[in-house]
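Comments concern the structure below.
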DNA sequence: AACTGTAAACTTTTT
DNA sequence: GTTTACAGTT
């Protein structure tokens, strides 16, 4: 990246040199924020600050990894040794603290982290315990109310005290019950990681002192997306020395819906009276037209501090705005453009297609696949949401936490063991009566307390498998030397019966599932390798590794799946694109109802967040920006007319006019056109290998990568001339 | 208890 | 168009 070699601006320099006291860097998109943060850390290290005194918090693992790498390379040049600084996401930092001190707040350090599906299951149980039904009380809605509370540092008791109306009183009741289920299962949810850490720091002066003393320099990236609980955590650690440096941009705040509190960044000066504020408005990433487009758009937000965004780079190409007939045409046009740019030397890895909702990826993938253009969908979490993976992980989870009833329920009868609803109800009653976990209760199930002989045998078998696994993996010596994490994972998949279960049928689906299970084993191998290189000298028992592995799995994010080295176009949501940059960016689906999303249209605050989301998307582009929409779009099986996004009007500053034939970008070095393009003109009849004979509707001539629109029997197609291998049938004039 | 087929709900974004 | 939930059947 050239940002590394370029001399720093005065403002950047000032931020890098800042040492003591609170610092807020208001960093516009592409203003060299990462450079500033990494150089500042390097600077601190070089001036004698010990690596372990540094705490840098980010939002994704990928951002953490990049930051660590860049700091390392900066100090490599100065011949310094590998630092032991803490660079991690908020959530994994908190998880690690709770692994050390969790027993002081949640009574355990061997907790399991529940994902959304686990949370839903726990809420359903809570509703049942409260005698409420889940059709009146949607688990999803209840969960978001609880999540909101936790993000504001409101625990169940406080929530109950503050509840005045029927609705919040009911939520309070469910919240309490939900939390007690989590505690009973030795489990925490995502928000608990933060909430319980904040509690720990508040209640335990001893722990607070240790952390305060250790982390002399605290840094937080993407500060506009922190919530109140995160603010409290950082604040407590930094309260003594006040060496807190936060970096962010209010215009890029896109997580308010998840509890992010923009007043953290807006009120920074209020929170830290003597704080320094350094704005970085100069953009080093994008060419003039792109910066201008972004600035035009964001100016339509009223709730903002006006901040100048400018660039001294060349004007560059104007963004292209194209309307297509439907989403298939849209996808094909995007692929065409990718092919064209690839032809003139833009590598695929420097291209991205962004969209508002994940469901848009399907059509795009199809077109990319058909055209043979390599692509990756940034969906790191998708793999771990698969049924078979969740099942395998539940087996592993139950191995390290026998109280994890949610995991137990997911696998007790998968593969089917003849343990149905009746037996489970009976078991649950027994567990409740004795305050045991479900796995513990199995041992005490018998004919006398109402179980059938068959279910008693199946359950005993199940318990025996676990006993064996525990003996084999918990007696430390036996496994440290010989078995690896991957061996353990493989063994659990085999002996649980999952492998056999999915190999019985040869349906395509089950073959897939089996492959995914194999992939999980290799994921374990990868993790083990990574763990060893990152934790040199730490003796890792398989059990310890398993903890770390499961934690890692629980905290993966979509953007973690992006490998900058792969030579493929990246497809992802606008949210996942935060913090990234590409030469060529497409934003697809610029339609009212999609971007801005229909659920935000009637609320000014939400509308402004949609606008910021679009702004984030635009500012990911360095040189080329393509904005597309479809006049008709099929959603939920029905094709509907669409309306162009109001954002298009806002960013161009002109009423939106559909462009029919536009040369989106000038190509710098003109080459003589190839022989095909000389003969093929509008009206020509041509033959295509797959689509048959068609009539040329439109030709966009470019020195390389001319595109043609051809009407075939099967419909209109956009093709790149060189790739299509068209055969001329007749030329009409 | 396990399997099969049909109805209904679903999609905003994610650590 | 896809996934989940539940009712009905064996």
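Numbering (the working numbering), first residue to last: 1341 to 2073.
Cβ coordinates follow ideal geometry from the N, Cα and C atoms, glycine included.
Counted as a single uninterrupted DSSP element, the stretch harbouring residue 1459 is not any beta strand (DSSP E) but the alpha helix (DSSP H) occupying residues 1456 to 1469. Annotation for residue 2049: the continuous beta strand (DSSP E) segment containing it runs 2047 to 2052. The continuous stretches of beta strand (DSSP E) do not include residue 1437, which lies in the alpha helix (DSSP H) extending over residues 1430 to 1441. According to DSSP, residue 1529 shares a beta bridge with 1454. Counted as a single uninterrupted DSSP element, the beta strand (DSSP E) harbouring residue 1965 occupies residues 1961 to 1970.
When DSSP reads this structure, residue 1618 sits in a beta bridge with 1365. At a Cβ-Cβ threshold of 8 Å, residue 1372 and residue 1357 do not count as neighbours. Within the same chain, Cβ atoms closer than 6 Å to the Cβ of residue 1432 are found at 1895, the five residues on either side in sequence being excluded.
At a cut-off of 4 residues, the continuous stretches assigned as alpha helix (DSSP H) that sit fully inside the stretch 1714 to 1743 are 1727 to 1740. Here DSSP, grouped into helix, strand and coil, assigns residue 1777 to coil. In the structure shown, residue 1852 falls within a helical segment according to DSSP collapsed to helix, strand and coil. Per DSSP, the beta bridge partners of residue 2056 are 2051. Within the same chain, Cβ atoms closer than 7 Å to the Cβ of residue 1621 are found at 1368, 1371, 1647, 1648, 1649 and 1650, the five residues on either side in sequence being excluded. Residue nearest to residue 1729 within the set 1599, 1524 and 1860 is 1860 (criterion: CA-CA distance). In this structure, the beta-carbon distance from residue 1616 to residue 1362 falls below 8 Å. Per DSSP, reduced to three states, the secondary structure at residue 1922 is strand.
For residue 1551, the enclosing alpha helix (DSSP H) stretches over residues 1545 to 1554. A contact between stretches requires three or more CB pairs, one per stretch, nearer than 8 Å, and the stretch 1531 to 1548 fails this requirement with the stretch 1755 to 1763. Selection 1551, 1575 and 1585 evaluated against residue 1561 yields 1585 as nearest (Cα-Cα). In this structure the stretch 1376 to 1394 lies against the stretch 1556 to 1573, because at least three pairs of beta carbons, one per stretch, are closer than 8 Å.
Looking at the DSSP output, residue 1584 sits in a beta bridge with 1558. Between the stretch 1903 to 1919 and the stretch 1833 to 1840 there are fewer than three inter-stretch CB-CB distances shorter than 8 Å, so the stretches are not counted as touching.
DSSP lists no bridge partner for residue 1806. When secondary structure is reduced to three states using DSSP, residue 1975 falls in the strand class. The residue among 1723, 1440, 1435 and 1518 with its C-alpha nearest the C-alpha of residue 1471 is 1518. Given a length threshold of 4 residues, each whole run of the alpha helix (DSSP H) inside the stretch 1348 to 1396 is given here in chain order: 1350 to 1357 and 1373 to 1386. Under the 10 Å beta carbon count, residue 1480 is surrounded by fewer than 16 other beta carbons and is classified as exposed. In this structure, DSSP gives residue 1405 a helical state, which the three-state scheme calls helix. In the DSSP annotation of this structure, the continuous segment of the beta strand (DSSP E) that includes residue 1695 starts and ends at 1691 to 1695. In the DSSP assignment, residue 1984 is bridged to 1931.
The alpha-carbon separation between residue 1452 and residue 1624 amounts to approximately 43 Å.
Where residue 1838 is concerned, the enclosing alpha helix (DSSP H) starts and stops at 1838 to 1844. Under the three-state reduction of DSSP, residue 1511 is assigned to helix. No Cβ-Cβ contact shorter than 8 Å links residue 1628 with residue 1605. Rounded to the nearest whole angstrom, the C-alpha separation of residue 1874 and residue 1389 is 21 Å. A straight-line Cα-Cα distance of about 24 Å links residue 1540 and residue 1608.
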